[in-house]
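Peer 1:
Numbering (mature numbering (1 follows the signal peptide of the UniProt record, and there is no 0)), first residue to last: -25 to -1, 1 to 340.
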């Protein structure tokens, strides 16, 4: 056996020390069975996993002192948590793996990686992880899974800092909107389909009639943008069956002071949306919420409730929950300053209000 010269061994050691920790780890593709996904993801032809929804997440268990993600994503912000610890917001590195954590103690660790920004910020391409080894995370065999469909309130719009210029992506944290907070209270996984400005019949700032994309057209697709988004596919609910679907819409429908939806126009739009949701999730109850801002006309909630009654007449399990029946649920300080978008604390208050009202409507294990 040929012996290496001490100088060669020293040079090799220095080279290894100079490499980032992730470069010394093994590489695991996005399709590795040890990586668990929640939310609407799809596998691309090249094997990477893609998403264009907010608050999607993945979990795994890894060994080693570091972990890195192969993440192609120039616009979105992501949330990293190791071993259930504090969450750190990051952006993907350009042209190299994104180090999610390093200088960890040797041994096993858990990873949770969650997208903080909503679907309109574009498609994220996740190609896998780098770590010493991976194993599937410990998860309950039977676990509730809630799907939330909404607008900017559900997306966590401007809930993570002050507005300065064009920093909306920096100050959005979808994991702390009322939807994920509610799911955590109910010990459930979650999928969030939220798009700022969207309405059931009228999007924020649109003309009348609004010929733009609305929730019913968007709902069946994997990415937020329906057929307008390149590479989009129809979502297959059997991949991740949901226990219930929560619809939190209506604020943008009534945002135009010059014109609001007509009664039958609005009720029919809601019944059509609920039929679409039921078609894709026939076993899941549909839970409709009154629009959160107290300034919205009470007609919105009354008409949504009427749509639920019509659905019940068709044998669909549709339920309505009022938020501001006696007085506004949230106080002015619970919003980010606009009376529409709740702070993280305001979202927590909404989640705490909803949890005992939604729990009895969920399937029993």
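All residues carry an ideal CB built from backbone N, CA and C; glycine is no exception.
The alpha helix (DSSP H) spanning residue 244 covers which residue range?
Peer 2: 238 to 255
Peer 1: Quick one: grab the DSSP three-state call for residue 179.
Peer 2: coil
Peer 1: Touching or not, the region 249 to 262 and the region 179 to 199, by the rule of three or more beta carbon pairs under 8 Å?
Peer 2: yes
Peer 1: By how many angstroms is the C-alpha of residue 229 removed from the C-alpha of residue 320?
Peer 2: 25 Å
Peer 1: Grouping DSSP H, G and I as helix and E and B as strand, with all else coil, what is residue 228?
Peer 2: helix
Peer 1: With DSSP collapsed to three states, give me the class of residue -22.
Peer 2: With a pLDDT of only 39 at residue -22, under the threshold of 50, the placement of this residue in the model should not be trusted; the figure read from the coordinates follows. Of the three classes helix, strand and coil, the one that applies to residue -22 here is coil, per DSSP.
Peer 1: In whole angstroms, give me the CA-to-CA distance for residue -5 and residue 2.
Peer 2: Model confidence at residue -5 stands at a pLDDT of 46, short of 50, so the residue's coordinates are unreliable; what they give is reported in the following sentence. About 12 Å.
Peer 1: Please report the distance separating the alpha-carbon of residue 195 from that of residue 204.
Peer 2: Each residue's Cα considered, the two are about 13 Å apart.
Peer 1: For residue 83, which option in 139, 39, 26 and 130 has the closest C-alpha, if you only look at C-alpha atoms?
Peer 2: Minimum Cα distance to residue 83 is reached at 39.
Peer 1: Which partner residues does residue 329 have in the DSSP bridge list?
Peer 2: DSSP, once it has assigned bridges, lists no residue as partnering residue 329.
Peer 1: Report yes if the C-beta distance between residue 91 and residue 54 is below 8 Å; otherwise report no.
Peer 2: yes
Peer 1: Is it right to say residue 108 is buried, meaning 16 or more other beta carbons lie within 10 angstroms of its own, or is it exposed?
Peer 2: So residue 108 counts as exposed.
Peer 1: Could you please give the first and the last residue of the uninterrupted beta strand (DSSP E) stretch that includes residue 140?
Peer 2: Per DSSP, residue 140 belongs to no beta strand (DSSP E) and is neither H nor E.
Peer 1: Tell me the start and end of each unbroken beta strand (DSSP E) in the region 76 to 109 that is at least 3 residues and wholly inside, in chain order.
Peer 2: 83 to 90 and 99 to 106
Peer 1: Counting pairs of Cβ atoms below 8 Å between the region 263 to 274 and the region 296 to 316, do you hit three or more?
Peer 2: yes
Peer 1: Please tell me whether residue 62 and residue 41 are closer than 8 Å, where the distance is taken between their beta carbons.
Peer 2: no
Peer 1: Looking only at its chain, what residues have a beta carbon closer than 6 Å to the beta carbon of residue 46, apart from the 5 residues adjacent to it on each side?
Peer 2: 67, 73 and 101
Peer 1: List the DSSP bridge partners of residue 123.
Peer 2: 167 and 221
Peer 1: Using beta-carbon positions only, say whether residue 149 and residue 136 come within less than 8 Å of one another.
Peer 2: no
Peer 1: Report all residues from its chain with a CB closer than 7 Å to the CB of residue 276; omit the five preceding and five following residues, and keep chain order.
Peer 2: 265, 266 and 297
Peer 1: For the putative contact between residue 284 and residue 241, defined by C-beta atoms under 8 Å, what is the C-beta separation to the nearest angstrom?
Peer 2: Not really, about 14 Å apart at Cβ, beyond 8 Å.
Peer 1: Can you give me the Cβ contacts of residue 17 inside the same chain, cut-off strictly under 6 Å, excluding the 5 residues immediately before and after it?
Peer 2: 25, 197 and 208
Peer 1: Considering just the uninterrupted stretch of the beta strand (DSSP E) at residue 132, what are its terminal residues?
Peer 2: Note, residue 132: premise wrong, no beta strand (DSSP E); not H, not E.
Peer 1: Where residue 105 and residue 329 are concerned, what is the direct C-alpha to C-alpha distance, given to the nearest angstrom?
Peer 2: 39 Å
Peer 1: Cβ of residue 196 versus every heavy atom of the ligand PLP: is any distance shorter than 7 Å?
Peer 2: The ligand PLP is absent from the structure shown, which contains no ligands of any kind.
Peer 1: In this structure, how does DSSP classify residue 52 when only helix, strand and coil are distinguished?
Peer 2: Assignment of residue 52 by DSSP, reduced to helix, strand and coil, places it in the strand class.
Peer 1: Please report the straight-line C-alpha distance between residue 300 and residue 111, rounded to a whole angstrom.
Peer 2: Rounded to the nearest angstrom, the gap between the Cα atoms of residue 300 and residue 111 is 45 Å.
Peer 1: Hey, how far is the Cα of residue 286 from the Cα of residue 145?
Peer 2: Approximately 40 Å between the Cα atoms of the pair.
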